[in-house]
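Shown next, in structure tokens, is the structure this report addresses.
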Amino acid sequence: MTTSSTYHGVFLTAGMLLTGTLNTLLTKLQDKQCVGNCDDPDPSKHENFEQPVWQTLNMFYGEMLCLACFYLFSLRRTRDVVENRDEYQPIIDEDDNEINAQVAEDVPTTDALPVVEGGPVELKPIAGWATLLMWVPAACDLLGTTLMNVGLFFTTASVYQMLRGAVVVFSGLFSVLFLGHRLERFQIISLLLVVLGVTIVGLSNIISPAPHAFAPGESPEAVDANAWKAVVGVTMVLGAQIFTAAQFVVEEKIIHRYHLTPLRAVGLEGTFGALSVMIAIPILHLTIGRSHPGGYFDAPSGFRQIIDNPSVWQTSIYIMLSIAFFNYFGLSVTRFLSATSRATIDTCRTLFIWMSSLALGWETFSWIQVIGFVVLVYGTFVYNRVIQLPF
Numbered sequence: 033m034t035t036s037s038t039y040h041g042v043f044l045t046a047g048m049l050l051t052g053t054l055n056t057l058l059t060k061l062q063d064k065q066c067v068g069n070c071d072d073p074d075p076s077k078h079e080n081f082e083q084p085v086w087q088t089l090n091m092f093y094g095e096m097l098c099l100a101c102f103y104l105f106s107l108r109r110t111r112d113v114v115e116n117r118d119e120y121q122p123i124i125d126e127d128d129n130e131i132n133a134q135v136a137e138d139v140p141t142t143d144a145l146p147v148v149e150g151g152p153v154e155l156k157p158i159a160g161w162a163t164l165l166m167w168v169p170a171a172c173d174l175l176g177t178t179l180m181n182v183g184l185f186f187t188t189a190s191v192y193q194m195l196r197g198a199v200v201v202f203s204g205l206f207s208v209l210f211l212g213h214r215l216e217r218f219q220i221i222s223l224l225l226v227v228l229g230v231t232i233v234g235l236s237n238i239i240s241p242a243p244h245a246f247a248p249g250e251s252p253e254a255v256d257a258n259a260w261k262a263v264v265g266v267t268m269v270l271g272a273q274i275f276t277a278a279q280f281v282v283e284e285k286i287i288h289r290y291h292l293t294p295l296r297a298v299g300l301e302g303t304f305g306a307l308s309v310m311i312a313i314p315i316l317h318l319t320i321g322r323s324h325p326g327g328y329f330d331a332p333s334g335f336r337q338i339i340d341n342p343s344v345w346q347t348s349i350y351i352m353l354s355i356a357f358f359n360y361f362g363l364s365v366t367r368f369l370s371a372t373s374r375a376t377i378d379t380c381r382t383l384f385i386w387m388s389s390l391a392l393g394w395e396t397f398s399w400i401q402v403i404g405f406v407v408l409v410y411g412t413f414v415y416n417r418v419i420q421l422p423f
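Below, the structure is given as structure tokens:
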């Protein structure tokens with residue numbers, strides 16, 4: 033790998049870590065915004081912003097920004113080519129034509145030569161009906177993100193992010209099933225370590241609740257209900273990793289088959305995802321939301337909460353921007369490295385989210401969580417050959 037390639041990889045990795053950290057923290061901050069009964073002196077009666085479907089749509093809007101940037105860059109490149117071509121027009125006389133014709137006869141052409149075996153194969157650009165292939169990772173992204181948004185309501189930001197480390201397990205399994213990869217012995221052991229680490233982290237979310245998770249004087253029934261909410265949150269986040277891993281693998285398969293720039297790929301996913309959510313919102317409202325006012329699928333209620341609360345819609349804008357850059361960096365990493373490398377980098381940003389959450393007072397320090405995180409990261413690093421097993 034050349035020096036320029038190394039710098040490029042470091043830049044993509046740093047960009048993915050920074051924007052990914054901001055994305056999770058901003059989403060958790062939005063979940064903490066009060067949108068109802070905010071004047072009540074009892075914090076337990078405050079109604080916070082809990083609209084996972086609208087948050088998913090907001091994410092896809094952020095991805096759509098990448099498509100606009102792609103077309104702007106393409107237009108600029110086209111204009112630059114035209115300007116450079118018009119700047120210099122060589123004057124060719126009859127003698128030059130004769131010389132050029134002679135050279136053309138003497139120099140053999142390679143236009144019709146077949147591609148040498150083992151040489152680079154030019155990928156065809158994705159176009160026409162093939163563009164709809166990007167709807168598949170968009171659908172995976174939709175399902176995974178919505179489940180994770182619900183899970184984040186009931187977990188801390190760091191636990192949420194640590195549980196997302198399970199994507200390495202599913203990504204590895206799907207790579208074997210659909211990409212033809214083979215897992216070596218150390219990789220199988222490392223995946224088992226990841227499962228163990230995720231299990232410990234999940235238990236820490238139930239054993240050591242976040243600050244203010246249980247209000248003073250709560251009944252045992254209320255405490256049990258909150259504990260079950262933690263279980264639901266952990267289950268939601270873990271289940272979402274199946275769809276996220278599928279998204280990574282499908283993206284890798286498409287990008288290695290077609291010529292598709294990361295900006296356009298993210299933009300297409302955002303467009304297809306946004307269309308899917310906009311179709312789903314009225315259907316979910318009519319079938320579920322109308323009979324559960326103020327719930328996750330009550331579309332008018334969610335829209336009013338966004339419009340009537342500046343802190344919510346302002347945070348939405350910041351999330352959109354962080355999502356746009358995060359997905360661009362993520363797909364660039366997939367193209368430059370691999371799907372499992374992207375999953376590894378995505379797991380490493382957990383440390384930054386954890387430190388920020390502790391500094392903000394959103395959660396308390398837990399040694400159980402530390403142990404789970406260490407096991408999780410160790411297994412992830414072994415899987416990607418960053419470190420070696422001692423046996």
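Position 318 of the sequence shown, counted from 1, bears residue number 350 in the working numbering, the numbering being contiguous throughout. Cβ coordinates follow ideal geometry from the N, Cα and C atoms, glycine included.
In the DSSP assignment, what are the bridge partners of residue i?
{"i": "Cys-66", "result": "Asn-80"}
Give the DSSP-derived three-state secondary structure of residue i in the structure shown.
{"i": "Pro-157", "result": "strand"}
{"i": "Gln-288", "result": "Residue identity check: residue 288 is His in the sequence provided, not Gln. In this structure, His-288 counts as coil in the three-state DSSP scheme."}
{"i": "Ile-419", "result": "coil"}
{"i": "Tyr-328", "result": "coil"}
{"i": "Asp-72", "result": "coil"}
{"i": "Arg-214", "result": "coil"}
{"i": "Phe-358", "result": "helix"}
{"i": "Gly-411", "result": "helix"}
{"i": "Glu-395", "result": "coil"}
{"i": "Ala-133", "result": "Confidence at Ala-133 is low in this model, with a pLDDT of 40, below 50, so the placement of that residue should be treated as unreliable; the coordinate-derived value is given next. Helix at Ala-133."}
{"i": "Asn-341", "result": "coil"}
{"i": "Thr-293", "result": "coil"}
{"i": "Phe-186", "result": "coil"}
{"i": "Leu-97", "result": "helix"}
Do you know whose CA, among the options, lies nearest residue i's CA?
{"i": "Pro-84", "options": "Lys-285, Leu-164, Ile-338", "result": "Ile-338"}
{"i": "Val-263", "options": "Arg-214, Ile-385, Val-191, Val-281", "result": "Val-191"}
{"i": "Asn-359", "options": "Met-91, Ile-220, Ser-37, Arg-196", "result": "Met-91"}
{"i": "Phe-186", "options": "Thr-177, Tyr-415, Val-266", "result": "Val-266"}
{"i": "Cys-98", "options": "Tyr-39, Phe-413, Met-352, Leu-392", "result": "Met-352"}
{"i": "Phe-423", "options": "Gly-41, Leu-184, Pro-169, Phe-218", "result": "Phe-218"}
{"i": "Gln-346", "options": "Gln-62, Gln-279, Val-42, Leu-57", "result": "Gln-62"}
{"i": "Val-414", "options": "Val-233, Cys-70, Gly-204, Gly-160", "result": "Gly-204"}
{"i": "Glu-395", "options": "Asp-71, Glu-95, Ile-238", "result": "Ile-238"}
{"i": "Asn-416", "options": "Ile-385, Gln-401, Ser-323, Ile-377", "result": "Ile-377"}
{"i": "Asn-341", "options": "His-40, Glu-79, Gly-41, Thr-45", "result": "Glu-79"}
{"i": "Phe-357", "options": "Phe-368, Gly-321, Leu-104, Pro-294", "result": "Pro-294"}
Between which two residues does the alpha helix (DSSP H) harbouring residue i extend?
{"i": "Met-387", "result": "382–392"}
{"i": "Ile-320", "result": "Careful: Ile-320 lies outside any alpha helix (DSSP H) and carries neither H nor E."}
{"i": "Ser-22", "result": "For residue 22 there is no data in the structure shown, the boundaries of the chain being 33 and 423."}
{"i": "Met-166", "result": "Met-166 -> no alpha helix (DSSP H), and no H or E assigned at all."}
{"i": "Leu-369", "result": "Careful: Leu-369 lies outside any alpha helix (DSSP H) and carries neither H nor E."}
### Contact the segment 294–313 vs the segment 50–58: 3+ CB pairs below 8 Å
no
### Query
Using 8 Å as the Cβ pair cut-off and three pairs as the minimum, do the segment 65–76 and the segment 168–182 touch?
no
### Message
Taking contact to mean 3 or more Cβ pairs, one atom from each stretch, closer than 8 Å, check whether the segment 151–165 and the segment 282–291 are in contact.
### Response
yes
### Query
Hey, is the segment 405–412 in contact with the segment 217–234, meaning 3+ C-beta pairs nearer than 8 Å?
yes
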